[in-house]
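**Q** One structure, pasted below without further comment.
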Amino acid sequence: MPSVSFTSNLNRHLDCPPRAAAGATVSEVLQAVFHDNPRLRGYILDEQGRLRQHVVVFVGGQAISDREGLTDSVEEEQDIFVMQALSGG
Amino acid sequence: MSDRLMVATRKGLFLYERGAGGAWNVGNESFIGDPVTMVLSDPRDGALYAALDLGHFGPKLHRSDDGARTWTEVSVPEYPAAKDDDDKKALKVIWSLEPAGADRDNALWAGTIPGGLFRSEDRGESWVLNDALWSDPLREKWFGGGFDDPGIHSVCVDPRDSRRVVVGVSCGGVWITEDGGASWRVSTRGMYAEYMPPELREDSAIQDPHRVVQSPQATNVFWVQHHNGAFRSTDRGESWQEIKPPPSAFGFAVATHPMDANTAWFVPLVKDECRIPVDGKMVVARTRDGGESFEQLRSGLPAGNAYDVVFRHGLDVDDTGDTLAMGSTTGTLWASNDQGDRFEVVSNYLPPIYCVRFV
Numbered sequence: 141m142p143s144v145s146f147t148s149n150l151n152r153h154l155d156c157p158p159r160a161a162a163g164a165t166v167s168e169v170l171q172a173v174f175h176d177n178p179r180l181r182g183y184i185l186d187e188q189g190r191l192r193q194h195v196v197v198f199v200g201g202q203a204i205s206d207r208e209g210l211t212d213s214v215e216e217e218q219d220i221f222v223m224q225a226l227s228g229g
Numbered sequence: 003m004s005d006r007l008m009v010a011t012r013k014g015l016f017l018y019e020r021g022a023g024g025a026w027n028v029g030n031e032s033f034i035g036d037p038v039t040m041v042l043s044d045p046r047d048g049a050l051y052a053a054l055d056l057g058h059f060g061p062k063l064h065r066s067d068d069g070a071r072t073w074t075e076v077s078v079p080e081y082p083a084a085k086d087d088d089d090k091k092a093l094k095v096i097w098s099l100e101p102a103g104a105d106r107d108n109a110l111w112a113g114t115i116p117g118g119l120f121r122s123e124d125r126g127e128s129w130v131l132n133d134a135l136w137s138d139p140l141r142e143k144w145f146g147g148g149f150d151d152p153g154i155h156s157v158c159v160d161p162r163d164s165r166r167v168v169v170g171v172s173c174g175g176v177w178i179t180e181d182g183g184a185s186w187r188v189s190t191r192g193m194y195a196e197y198m199p200p201e202l203r204e205d206s207a208i209q210d211p212h213r214v215v216q217s218p219q220a221t222n223v224f225w226v227q228h229h230n231g232a233f234r235s236t237d238r239g240e241s242w243q244e245i246k247p248p249p250s251a252f253g254f255a256v257a258t259h260p261m262d263a264n265t266a267w268f269v270p271l272v273k274d275e276c277r278i279p280v281d282g283k284m285v286v287a288r289t290r291d292g293g294e295s296f297e298q299l300r301s302g303l304p305a306g307n308a309y310d311v312v313f314r315h316g317l318d319v320d321d322t323g324d325t326l327a328m329g330s331t332t333g334t335l336w337a338s339n340d341q342g343d344r345f346e347v348v349s350n351y352l353p354p355i356y357c358v359r360f361v
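Those protein sequence lines, which keep their order, are chains A and B.
Counted the way this note's numbering counts, the first sequence spans residues 141 to 229.
Counted the way this note's numbering counts, the second sequence spans residues 3 to 361.
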């Protein structure tokens with residue numbers, strides 16, 4: 141099962157410890173996380189389901205390419221990192 | 003008389019309290035490090051609201067029921083889902099927050115960037131987009147002023163009839179509903195826009211009222227600081243007459259006396275691409291005769307080399323009409339106990355100030 145970690149800067153606002161979550165795409169994995177932590181969704185995605193402008197998601201060390209649909213595929217044992225982009229600093 | 007003042011800044015919310023000697027001191031700090039774009043003290047139930055714009059993680063809204071000691075995150079307005087990419091709007095800033103009327107318990111209005119007006123019936127737990135205003139064909143003419151997208155910065159709920167609401171849009175005119183938001187019409191007769199081509203100068207839906215305020219007592223009286231002038235209405239916003247606060251027609255903020263509809267304060271700046279105090283000297287322009295004449299109030303304000311801008315929500319007057327608070331982009335906070343005859347510096351060292359509001 142893929143594992144998901146979140147920037148520690150989110151800890152100022154809400155709890156989101158690293159965890160494993162099932163899914164074959166970034167969208168599926170994140171939806172599994174949001175199912176258990178619904179408030180987190182609005183910190184990562186906007187209301188249209190797009191990645192927030194200054195949030196970056198890495199899968200296996202690569203920034204994802206589909207920031208609107210989050211369709212990038214995820215392998216079974218891959219690590220996903222949700223980070224804040226320096227562009228928003 | 004209010005002895006508490008909320009100051010919303012680029013780096014947090016500061017709740018000031020006035021001590022026995024009259025001095026204002028910070029009683030409470032909240033959201034340190036986070037931009038606070040708007041605050042509301044709801045006189046109906048004592049709740050405080052703080053709207054945040056977390057740069058990375060989006061706009062948030064918090065409510066406090068214990069005077070800012072603790073805060074609870076509530077919901078933010080959300081734009082409806084859309085299939086067409088051009089229609090996929092997302093909340094950028096909560097720019098105005100108002101109680102929806104003394105007879106509408108728990109109901110709030112929120113004006114936002116990129117232009118949606120939202121209503122909550124449950125103290126911010128949920129929000130619904132006002133579809134009538136959002137769907138108006140004239141909204142297509144709105145455009146951003148200062149921000150990339152248009153926004154609603156002023157929501158004036160008539161104290162005598164909560165179904166009558168007047169909102170100000172930058173850039174998109176002044177809009178009126180008589181039926182609680184079921185239908186809207188734009189009303190800017192008398193306003194003009196020097197920043198548009200001549201044939202569009204008086205077009206209603208492109209006017210840029212920077213701030214709209216309503217007299218709480220004489221509810222037919224409105225004041226507007228517009229992008230290229232100041233205007234007053236004495237007929238409930240149906241028509242507007244230009245007034246000329248010195249030394250410059252440009253500015254963002256206006257406040258009106260709670261009992262005297264002829265008294266208002268403006269904070270003029272050099273127009274419009276420059277946006278600093280005229281000659282670097284801070285001034286507040288006060289009229290006591292409905293805009294026929296103005297005094298330039300300078301006592302206690304910097305007499306030179308001042309580059310403070312007072313944003314549209316950066317000026318407030320308390321319910322006595324005597325105490326003013328004013329906060330600037332350079333982090334200076336002033337207060338006056340005598341309607342602006344003399345200002346005193348409360349702090350020179352705050353972060354850039356977005357909004358001041360008496361509790």
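For each residue, glycine too, the CB sits at the ideal point set by N, CA and C.
1. Measuring only between beta-carbons, confirm whether Glu127 of chain B sits less than 9 Å from chain A.
2. So Gly182 of chain B and Ile154 of chain B are supposed to be a Cβ contact under 8 Å. How far apart are they, rounded?
3. If you measure from the CB of Met328 of chain B, is any heavy atom of the ligand FAD nearer than 8 Å?
4. For Phe59 of chain B and chain A, any beta-carbon pair shorter than 9 Å?
5. Tell me which residue opens and which closes the alpha helix (DSSP H) that Trp144 of chain B is part of.
6. Output the distance between the C-alpha atoms of Val166 of chain A and Val272 of chain B, rounded to the nearest integer angstrom.
7. With 16 as the cutoff for other CB atoms within 10 Å, does Met193 of chain B come out buried or exposed?
8. Can you check DSSP and say which residues form a bridge with Leu17 of chain B?
9. Can you list, in chain order, the residues of its chain with a C-beta nearer than 6 Å to that of Pro37 of chain B? Leave out the 5 residues immediately preceding and following it.
10. Which residue marks the beginning of the alpha helix (DSSP H) containing Ala164 of chain A, and which one marks its end?
11. Check each residue of the stretch 172 to 188 of chain A: if its Cβ is closer than 9 Å to any Cβ of chain B, include it; give the result in chain order.
12. Along the chain, where does the beta strand (DSSP E) containing Leu54 of chain B start, and where does it finish?
13. Just reading off the alpha helix (DSSP H) that Leu154 of chain A is part of, what are its end residues?
14. Using the C-alpha atoms, what's the distance from Pro354 of chain B back to Glu204 of chain B?
15. Between which two residues does the alpha helix (DSSP H) holding Arg264 of chain A run?
16. Please confirm whether Leu7 of chain B and Arg314 of chain B have their CB atoms less than 9 Å apart.
17. With DSSP collapsed to three states, give me the class of Ile204 of chain A.
18. Taking the alpha-carbon of Leu210 of chain A as reference, which of A:Leu226, A:Gln224, A:Pro178 and A:Ile184 has the nearest alpha-carbon?
19. Counting only beta-carbon atoms, is Leu170 of chain A nearer than 9 Å to chain B?
**A** On the basis of the coordinates in this document:
1. no
2. Actually they are not in contact, since the Cβ atoms of Gly182 of chain B and Ile154 of chain B sit about 16 Å apart, beyond 8 Å.
3. For the structure depicted, the ligand FAD is absent and the ligand set is empty, with no information on it obtainable.
4. yes
5. Note, Trp144 of chain B: premise wrong, no alpha helix (DSSP H); not H, not E.
6. 50 Å
7. buried
8. B:Met8 and B:Asn30
9. Arg12 and Asp55
10. Element bounds for Ala164 of chain A: n/a, residue is neither H nor E.
11. Arg179, Gly182, Tyr183, Ile184, Leu185, Asp186, Glu187 and Gln188
12. Leu50 to Leu56
13. Looking at the DSSP string, Leu154 of chain A is not in any alpha helix (DSSP H), and its letter there is neither H nor E.
14. 34 Å
15. Here chain A covers residues 141 to 229 and nothing more, so residue 264 of chain A does not appear.
16. no
17. coil
18. A:Ile184
19. no
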